[in-house]
Every structure is written in C-alpha cells, then in structure tokens.
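S.K.: Using our numbering, you'd call the opening residue of the sequence shown number 4 and step up by one each time.
Where is the CB? At the ideal position from N, CA and C, for every residue including glycine.
Note that the coordinates shown come from a computational prediction; the quantities given were computed from them, not determined experimentally.
Take a look at the following structure, please.
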Amino acid sequence: MALSFVLPYELHGDGPHKVIAVHGWFADRTAYAPIVPDLDRASFQYALVDLRGYGEAKQTPGACTTAEAAADVLDLADRLGWERFSLIGHSMGGSVAQRVVANARHRVRRIVGISPVPASGLPMPPEQWELFVTADSSPANRRAIIDVTTGGVRPAAWLDRMVERSLACSDAKAFRAWLDSWTGDDFHADLEPCTVPALAVTGQLDPALAAPLMRSTWLTWFTRGELVDLPVCGHYAMDEAPLSLIRVMEDFLRADRAGRRA
C-alpha cells in the first residue's frame, strides 16, 4: 500500500547533485534559511524538508522517531525520482540522516552532519535531562538550551528569536516525542563499518555535540569520515557561521566521484 504522507519540502537549485536537508529539534526547514541565498544552485539541487510535528507537517500524526523519519525521507526521494542523493542533517536531523544511510547506504552519495546527534543516541545526566524533558512546555528552558549550546555569548534578542521560531514551528507533543527518539535510539551497529563519505561539522562553542564526541562516534563508524570544527561557532552553524558552513559543506559534497560514475 502506497504511503499517503509526503514530507513537505521546498526545492532550491536545479543542479545534478541532489541533496536532502533535514532540520533539528528546535526548528523546521526554515533552519536553513540563512544559507539558502548563497547555495550553489548550478551544482546542486537541495530539498529542504519538514519532519512530522514541524512546519507544514506540524499537525501530521506519527511516532516521531528517527526510524519513521528515515522512511519518510526515502519515500520523498522516490517521489522526486532521486535514486541517489546526498544528505545534510542538523543535530537531531543528523541522526535521521544516519538512519537513512543505515537503511539504504547504496543510495547515499555523501552525508554531512552539522553538530549531528550520534547514531548511538545521546544519554544525559538527570539534571540535564530535566532541562530538556520539560522544554516542550517551557520557553525559558528552550532558551537556556540554546544559550548553553552556543557558548553563552549570543545576543539576548537572537536567543529570544530562536525560541519564538521554535515554539511557532513545532508541535509540543511531537517535540517531546522526538526527544525520546534522538536521545535514546542506538543503531550504530547498523552503520559500522560504513564507507559512505561522511563529514561532521561541529562548533567550538558547543559543549554538547563537540569535536571529541564526533571522534569517538562519527569518525569511528564512517571509515571515510572527516571532521571540521568551526571557530567562533556553536550548535547553530546555519545562523552563526553561514558562509563558513556553506564553504566546507559544498566543498565536501563537490568532491564526490562515485555519484558521477553512477
């Protein structure tokens, strides 16, 4: 039976290299808005998607898990006629992107994780968990999380705007359900070893999903893994260092050779 739900998406560019970009826990596909104007539209075609519970899919029911989202991404690729494509995933979206690789690595040209949650999940100590688990109903907790993961140096107005966007674009129940999945899902055994070229981009101001964690997870599972640690940047590279992010991301995607042969 055909799936009736299609991930809402928008396309940018008409290049031959197809790329699906998945957002994180705090935003819908507008998370990528700061980098959209300067993407290489001649080389790439980007599909920015809204996961269940976010954006245009805010009212769409679902389990809100990385496994379900990976199936949704693959279904969208089928509907777009993209047999092979690359993936970009921010934070929680990085976990979703790794799920897609685990399920259909033969279809993935390259994967870029922007401060990606590892495929082993992200267990938290009790006091940190309390902050996250109540963030669905507490704007103050959402603000505190954003502040901590960007080094405590960002302007108050920006923090407020990020919180307002998060509240507007996400369903509270889905937001809470997603937390259980991206923190608790452990599917790294389905990845290792994986030869899909994989770039992890971290920010030096982010204490949560930092370069040392990527070295012990991402670079262990992906045998062709690479790591770029952006200075003066925290968890939200699209907002904090958009031009630097585009450069390292597109340089990495542009290095693809297997996709050209295919």
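#1: Taking three-plus beta-carbon pairs below 8 Å as touching, is the segment 87-98 in contact with the segment 27-35?
#2: Where does S173 fall in DSSP's three states?
#3: Rounded to whole angstroms, what's the CA-CA distance from F255 to F47? Just pull it up for me.
#4: Which same chain residues end up closer than 7 Å to A213 when comparing Cβ atoms and leaving out the 5 residues on each side of it in sequence?
#5: On the three-state DSSP scale, how would you describe L162?
#6: Under the three-state reduction of DSSP, which class applies to T205: helix, strand or coil?
#7: Along the chain, where does the beta strand (DSSP E) containing R32 start, and where does it finish?
#8: Considering just the uninterrupted stretch of the alpha helix (DSSP H) at G84, what are its terminal residues?
#9: Sorted by chain position, which residues of the same chain lie with C-beta nearer than 6 Å to L162's C-beta, five sequence neighbours on each side aside?
#10: According to DSSP, is F47 helix, strand or coil?
#11: So what does DSSP say about R112, is it helix, strand or coil?
#12: Ends of the beta strand (DSSP E) at L230?
#13: For my contact list, R44 and A177 are in at a C-beta cut-off of 8 Å; report their separation, rounded to the angstrom.
#14: Whether or not the segment 208-222 and the segment 246-253 are in contact is what I'm after, with contact meaning three or more pairs of Cβ atoms, one per stretch, closer than 8 Å; do they touch?
#15: So who's on the other strand from F225, going by DSSP bridges?
#16: Which residue from P126, Q101, H20 and A100 puts its Cα closest to that of A258?
M.R.: If we stick to the structure as given:
#1: yes
#2: The residue labelled residue 173 in the question sits at position 170 within the sequence shown. S173: strand per DSSP, three-state reduction.
#3: Here residue 255 corresponds to residue number 252 of the sequence shown, with the count starting at 1. Here residue 47 corresponds to residue number 44 of the sequence shown, with the count starting at 1. Taking the straight line from one Cα to the other gives about 12 Å.
#4: On the sequence shown, position 210 is the one that residue 213 refers to. Contacts found: T205.
#5: Walking along the sequence shown from the start, residue 162 turns up at place 159. L162: helix per DSSP, three-state reduction.
#6: Indexing the sequence shown from 1 puts residue 205 at position 202. The answer is strand: DSSP assigns T205 an E or B state.
#7: Looking up residue 32 in the sequence shown gives position 29. No beta strand (DSSP E) contains R32, which DSSP labels as neither H nor E.
#8: What you label residue 84 is simply residue 81 of the sequence shown in a count that begins at 1. G84 -> no alpha helix (DSSP H), and no H or E assigned at all.
#9: Position 159 of the sequence shown, counted from the start, is the residue given in the question as residue 162. Result list for L162: R146, I149 and D150, in chain order.
#10: Position 44 of the sequence shown, counting from 1, holds the residue named residue 47. Correct three-state label for F47: strand.
#11: One-based indexing of the sequence shown puts residue 112 at position 109. It is a strand residue.
#12: The residue labelled residue 230 in the question sits at position 227 within the sequence shown. Its beta strand (DSSP E) spans residues G228 to L233.
#13: The sequence position of residue 44 within the sequence shown is 41, counting from 1. The sequence position of residue 177 within the sequence shown is 174, counting from 1. With a Cβ gap of about 31 Å, R44 and A177 do not count as contacting.
#14: no
#15: Sequence index remark: in the sequence shown, residue 225 carries index 222 (1-based). According to DSSP, F225 bridges with C197.
#16: The residue you call residue 258 lines up with position 255 of the sequence shown. Closest by alpha carbon: H20.
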